[in-house]
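Anchor point for the sequence shown: position 424 equals 425 in my numbering, and the numbering is continuous, going up by one each time. A virtual CB, placed ideally from N, CA and C, is assigned to each residue, including glycine. Everything below concerns the one structure shown next.
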Amino acid sequence: MNTTSCESGLLKIGDLVRLTGKTPRTLHFYEELGLLRPVSRTKGGFRLYGEETLLRVRWIERLQELGFSLPEIQDFLTRLQEHAYGPEAMQRLGDFYIVKLAETRATLARLQALERDLQDSIDYLNGCRACEPLTHRARCVGCDTKHHEGPRRARAGRRRPRLHHTLSQLSPQKEPPMAVKLPIYLDNHATTPLDPRVLDEMLPYLTQHFGNAASRNHSFGWTANEAVERAREQVAALIGADPKEIIFTSGATESDNLGIIGAARFNKKKGKHIITSKLEHKAVLDSCHALESEGFEITFLDSDPDGLVKPEQVEAAIRPDTVLCAIMMANNEIGTINPIAEIGAVCRRHNVIFHVDAVQALGRVAIDVAAMNVDLMAISAHKMYGPKGIGALYVRRGRPRIRIEPLIHGGGHERGLRSGTLPVHQIVGLGSAAKYALEALTNGENDRIKALRDRLWEGLSKNLDHLFINGSWEHRLPNNLNCSFAYVEGEALMMGIKAIACSSGSACTSASLEPSYVLRALGVDVELAHTSMRFGVGRFNTEEEIDFAIELITEKVRWLRQMSPLYELVQEGVDLKSIQWAAH
Numbered sequence: 002m003n004t005t006s007c008e009s010g011l012l013k014i015g016d017l018v019r020l021t022g023k024t025p026r027t028l029h030f031y032e033e034l035g036l037l038r039p040v041s042r043t044k045g046g047f048r049l050y051g052e053e054t055l056l057r058v059r060w061i062e063r064l065q066e067l068g069f070s071l072p073e074i075q076d077f078l079t080r081l082q083e084h085a086y087g088p089e090a091m092q093r094l095g096d097f098y099i100v101k102l103a104e105t106r107a108t109l110a111r112l113q114a115l116e117r118d119l120q121d122s123i124d125y126l127n128g129c130r131a132c133e134p135l136t137h138r139a140r141c142v143g144c145d146t147k148h149h150e151g152p153r154r155a156r157a158g159r160r161r162p163r164l165h166h167t168l169s170q171l172s173p174q175k176e177p178p179m180a181v182k183l184p185i186y187l188d189n190h191a192t193t194p195l196d197p198r199v200l201d202e203m204l205p206y207l208t209q210h211f212g213n214a215a216s217r218n219h220s221f222g223w224t225a226n227e228a229v230e231r232a233r234e235q236v237a238a239l240i241g242a243d244p245k246e247i248i249f250t251s252g253a254t255e256s257d258n259l260g261i262i263g264a265a266r267f268n269k270k271k272g273k274h275i276i277t278s279k280l281e282h283k284a285v286l287d288s289c290h291a292l293e294s295e296g297f298e299i300t301f302l303d304s305d306p307d308g309l310v311k312p313e314q315v316e317a318a319i320r321p322d323t324v325l326c327a328i329m330m331a332n333n334e335i336g337t338i339n340p341i342a343e344i345g346a347v348c349r350r351h352n353v354i355f356h357v358d359a360v361q362a363l364g365r366v367a368i369d370v371a372a373m374n375v376d377l378m379a380i381s382a383h384k385m386y387g388p389k390g391i392g393a394l395y396v397r398r399g400r401p402r403i404r405i406e407p408l409i410h411g412g413g414h415e416r417g418l419r420s421g422t423l424p425v426h427q428i429v430g431l432g433s434a435a436k437y438a439l440e441a442l443t444n445g446e447n448d449r450i451k452a453l454r455d456r457l458w459e460g461l462s463k464n465l466d467h468l469f470i471n472g473s474w475e476h477r478l479p480n481n482l483n484c485s486f487a488y489v490e491g492e493a494l495m496m497g498i499k500a501i502a503c504s505s506g507s508a509c510t511s512a513s514l515e516p517s518y519v520l521r522a523l524g525v526d527v528e529l530a531h532t533s534m535r536f537g538v539g540r541f542n543t544e545e546e547i548d549f550a551i552e553l554i555t556e557k558v559r560w561l562r563q564m565s566p567l568y569e570l571v572q573e574g575v576d577l578k579s580i581q582w583a584a585h
């Protein structure tokens, strides 16, 4: 650092700020603590011993990163100054000591961790398997035993109730067979793993083919554009559309927003009434709620007890000012498949735009948008073994042509409906996933997945009583199983089967614990809705995994029911509906 330009050998605050990057307030604070030594306040600067002042600032910063307090830093600088070495020797000595201090701190941290591990081992030998209470004097709630008398200092930030054992440690543990690798993924409605074949097709567009698809004046852009148009054709083939009808988006949520809000705004002169159902995905429901603030009126249809929306319901709800109807093809929780072709015929007959969220159905149900009279359709890659962050919206170009208002402006990409540089590698992944999803409709993949799903249900229903299917079994996706385990809290069961990735119908939303709004819309009572679990079988699951899941779930459900007083009453023949419960 060049400090010779400073007048009279003094480094002023402004110069020190420029050289160190510290704020004036920080430097004055260091000065007040005695970490930096001023000549005098009237001269407005710090005495320079070569680079000593700059070295001090650097050492202070380094020691603070290592966790030293300011008094400790002050002591370090004082002791270093006592040696009165020359500036170069002082720099080497200070740097050397800081390195040694860092090594000492790291060694101390390792010793403290070793001490904690040793204490945990002692706890284990004394019978306390997962003990992190404030003291060992209390009895363990899990096993009702007193482990040992010696009080133990609580670890910082780990104050917990005096329940020494976790759910998985109290209950018996199931060891998987050699052919099963844990954890088992059975949550393919939330997302699917990226198919290795899709990844292989994406990788070149993350490396050598990096061009912008909108750059039409060189080969890099031509190559990227060719890949985009090829993917557009693959997506169109999956749903029986024209490639020009496919608009790429960031995913299904954007597609739902663009389709519903864009169509409603463009056609608002015709009317401001929209029809949807109470079972729709949040992207659809929240888009409709957003339009309510713009003066649109929304009719939310109920489903039948099987979770299906009937064409007669839609037709009965249509009014002269109805501009749009949004009904999902397959439900993301219970997997029920709506009669889309029949509903589409009703909408076409009444000149109502028909938007369909087909995310869960892609690759699992044969789709022909023309035959189904669909005008708008939301598509996502990551629900059919493609990458996250990419989707598409089908917009019908036939007569009458569907017109929508764009939500994102700037650049005029995607025929002016969705501006923004196209992520070529993700679009290639979407196209590849669509290609393999189309193959899955004819190569027997869905039959194999359905057999695994049926195997899971048959195994559970054979082993357990008071087990209920949610939604229609006949009109259901081949990979979906949503069922309720009565007298077992869904969240508790999930904690017990951590080796299986699935989801519970009693998910926490906001600050309150609420059961699935889909199950509540079906008329499922609150208690049973809280016991629901959703399993989504996928392309990469095996029979061995399903069999292990059956055994583990059966074991945990039986164990949890042993602790349920309600289940005990039911086993004794008591009709719970006949009991008059005390009100609180």
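Query raised in the report: In its own chain, which residues sit with a C-beta less than 8 Å from the C-beta of Gly411, not counting the 5 before and 5 after it?
Result: Residue mapping note: residue 411 aligns to position 410 of the sequence shown, counting from 1. Cβ within range, chain order: Ser420, Gly421.
Report task. From the DSSP output, in three-state form, read off Arg535 for me. Result -> Your numbering for residue 535 matches position 534 in the sequence shown. Residue state, collapsed to three classes: strand.
Query raised in the report: Which residues bound the alpha helix (DSSP H) around Thr224?
Result: Counted from its first residue, the sequence shown places residue 224 at position 223. Where Thr224 is concerned, the enclosing alpha helix (DSSP H) stretches over 220–240.
Query raised in the report: By the 10 Å Cβ neighbour count, where 16 or more other Cβ atoms means buried, how is Asp257 classified, buried or exposed?
Result: Here residue 257 refers to the residue found at position 256 of the sequence shown. So Asp257 ends up on the buried side.
**Report entry** Pick from Ala382, Ala367, Cys348 that is closest to Asn374, judged by C-alpha positions
**Finding:** As a working mapping, residue 374 is identified with position 373 in the sequence shown. Looking at the Cα atoms, Cys348 is the closest of the given residues.
Query raised in the report: With a Cβ-Cβ cutoff of 7 Å, do His426 and Thr192 count as a contact?
Result: The count along the sequence shown starts at 1 and reaches residue 426 at position 425. The count along the sequence shown starts at 1 and reaches residue 192 at position 191. Contact flag unset, no.
Query raised in the report: Any idea if Gln65 is buried or exposed, counting beta-carbon neighbours within 10 angstroms, 16 or more meaning buried?
Result: Numbered from 1 along the sequence shown, position 64 holds the residue referred to as residue 65. Classified as exposed, Gln65 has fewer than 16 neighbouring CB atoms from the shown chains inside 10 Å of its CB.
Query - Closest Cα partner of Gly430 within the set Arg397, Tyr386, Leu418 - result: Taking the first residue of the sequence shown as 1, we reach residue 430 at position 429. Closest option to Gly430, Cα to Cα, is Tyr386.
Report task. Could you check if Pro479 is buried or exposed, using at least 16 other CB atoms within 10 Å of its CB as the buried criterion? Result -> For the purposes of this step, residue 479 is taken as residue 478 along the sequence shown, with counting starting at 1. Pro479 should be labelled buried.
Requested in this report: Please report how far the alpha carbon of Asp369 lies from the alpha carbon of Glu492, in whole angstroms.
Outcome: The residue given as residue 369 occupies position 368 in the sequence shown. The residue given as residue 492 occupies position 491 in the sequence shown. Approximately 39 Å, taken between the alpha carbons.
**Report entry** Straight-line gap, Asp201 to Thr443 (C-alpha atoms, nearest Å)
**Finding:** The sequence position of residue 201 within the sequence shown is 200, counting from 1. The sequence position of residue 443 within the sequence shown is 442, counting from 1. If I take the Cα positions, the gap works out to 23 Å.
Report task. Please classify Ser564: is it buried, with 16 or more other beta-carbons within 10 angstroms of its beta-carbon, or exposed? Result -> Here residue 564 is taken as the residue at index 563 of the sequence shown, counted from 1. Looking at the sequence itself, residue 564 is Met, so the reference to Ser does not match. When all chains shown are included, Met564 counts as exposed.
Query raised in the report: Considering Ser256, what are the terminal residues of the beta strand (DSSP E) in which it resides?
Result: The sequence position of residue 256 within the sequence shown is 255, counting from 1. Bounds of any beta strand (DSSP E) do not take in Ser256; it lies within the alpha helix (DSSP H) bounded by 253–267.
Query raised in the report: Is Ala435 buried or exposed, if buried means 16 or more other CB atoms sit within 10 Å of its CB?
Result: In the sequence shown, the residue the question calls residue 435 occupies position 434. Of the other Cβ atoms in all chains shown, 16 or more fall within 10 Å of the Cβ of Ala435; this residue is therefore buried.
Query raised in the report: With C-beta atoms as the reference, is Leu302 less than 7 Å away from Gln314?
Result: Locating residue 302 in the sequence shown gives position 301, counting from the first residue. Locating residue 314 in the sequence shown gives position 313, counting from the first residue. It is a contact, given that the beta carbons lie within the stated cut-off.
Query raised in the report: Apart from the five residues just before and just after Ala237, which ones in its own chain have a Cβ nearer than 7 Å to its Cβ?
Result: Residue numbering aside, residue 237 sits at position 236 when the sequence shown is read from its first letter. Here the set comprises Asp243, Pro244, Glu246, Ile247.
Query raised in the report: Going by C-alpha distance, which of Gly272, Ala359, Ile551 is nearest Ala587?
Result: Coverage of the chain is limited to positions 2 through 585, which leaves residue 587 absent and any answer about it impossible.
Query raised in the report: Per DSSP, Ala393 is paired with what?
Result: Indexing the sequence shown from 1 puts residue 393 at position 392. DSSP, once it has assigned bridges, lists Phe249, Ile380 as partnering Ala393.
Report task. Tell whether a beta-carbon distance below 7 Å holds between Gly364 and Ser381. Result -> As a first step, residue 364 is located in the sequence shown; it is residue number 363 there, counting from the start. As a first step, residue 381 is located in the sequence shown; it is residue number 380 there, counting from the start. No. Outside cutoff.
Query raised in the report: Helix, strand or coil for Cys348 per DSSP?
Result: Taking the sequence shown and counting its residues from 1, the one referred to as residue 348 is at position 347. It is helical.
Query - Opposing strand residues paired with Leu482 [DSSP bridges] - result: Numbered from its first residue, the sequence shown carries residue 482 at position 481. Answer is Phe536, bridged to Leu482.
**Report entry** Local Cβ density within 10 Å of Asn218, reported as buried at 16 or more and exposed below that
**Finding:** On the sequence shown, position 217 is the one that residue 218 refers to. That one is exposed.
Query raised in the report: Which full runs of the alpha helix (DSSP H) of 4+ residues lie inside the segment 313–350, going along the chain?
Result: 341–350
Query raised in the report: Quick one: what's got a C-beta closer than 7 Å to Gly158's C-beta in the same chain, skipping five residues either side?
Result: In the sequence shown, the residue the question calls residue 158 occupies position 157. With a pLDDT of only 39 at Gly158, under 50, the local geometry of the prediction cannot be trusted, and the value read off the model is given with reservation. Exclusion of the five residues before and after Gly158 leaves no residue of its chain whose Cβ lies closer than 7 Å to its Cβ.
Query - Enclosing alpha helix (DSSP H) for Ser288 [first to last residue] - result: Walking along the sequence shown from the start, residue 288 turns up at place 287. Where Ser288 is concerned, the enclosing alpha helix (DSSP H) stretches over 283–293.
Query raised in the report: Which residues does DSSP pair with Thr300 in a beta bridge?
Result: Counting from 1 along the sequence shown, the entry for residue 300 is found at position 299. Beta-bridge pairing links Thr300 to Ile276.
Query raised in the report: What's the gap between the Cα of Phe267 and the Cα of Ile299?
Result: Numbered from its first residue, the sequence shown carries residue 267 at position 266. Numbered from its first residue, the sequence shown carries residue 299 at position 298. Approximately 17 Å, taken between the alpha carbons.
Requested in this report: Give the single residue among Val199, Arg57, Asn189 whose Cα lies nearest to the Cα of Pro388.
Outcome: Stepping through the sequence shown from its first residue, residue 388 is reached at position 387. Nearest of Val199, Arg57, Asn189 to Pro388, Cα basis: Val199.
**Report entry** Same chain, Cβ closer than 7 Å to Leu482, neighbours up to 5 away in sequence not counted
**Finding:** Your numbering for residue 482 matches position 481 in the sequence shown. Excluding residues up to 5 positions away in sequence, Arg454, Leu457, Trp458, Phe536 lie with their Cβ nearer than 7 Å to the Cβ of Leu482 in the same chain.
Query - Beta-carbon proximity list for His190, same chain, < 6 Å, skipping 5 on both sides - result: In the sequence shown, the residue the question calls residue 190 occupies position 189. Excluding residues within five positions, the ones whose Cβ falls inside 6 Å are Asn333, Gly537.
Report task. Determine contact between the segment 335–348 and the segment 221–230, defined as no fewer than three beta-carbon pairs at a distance below 8 Å. Result -> No contact exists between the segment 335–348 and the segment 221–230.
Query raised in the report: In chain order, what residues of the same chain have a beta carbon less than 6 Å from the beta carbon of Pro233, not counting five sequence neighbours either side?
Result: Taking the first residue of the sequence shown as position 1, residue 233 is located at position 232. Position check: residue 233 holds Arg in this sequence, whereas Pro was assumed. Only Pro244, Ile247 meet the Cβ criterion.
Report task. With DSSP collapsed to three states, give me the class of Ala438. Result -> As a first step, residue 438 must be located in the sequence shown, where it is residue number 437. Ala438 falls in the helix class under three-state DSSP.
Query raised in the report: Going by beta carbon distance, what residues of the same chain come within less than 8 Å of Tyr206, once the five residues before and after it are set aside?
Result: Taking the first residue of the sequence shown as 1, we reach residue 206 at position 205. Listed in chain order, the non-local C-beta contacts of Tyr206 below 8 Å within the same chain comprise Ala225, Ala228, Val425, His426, Val429, local neighbours out to five positions each way being set aside.
Query raised in the report: Cβ atoms of Tyr186 and Ala502: under 7 Å apart, would you say?
Result: The residue given as residue 502 occupies position 501 in the sequence shown. The residue given as residue 186 occupies position 185 in the sequence shown. Contact: yes.
**Report entry** Inter-residue Cα distance where the pair is Leu408 and Val396
**Finding:** For the purposes of this step, residue 408 is identified with residue 407 of the sequence shown, where counting begins at 1. For the purposes of this step, residue 396 is identified with residue 395 of the sequence shown, where counting begins at 1. If I take the Cα positions, the gap works out to 15 Å.
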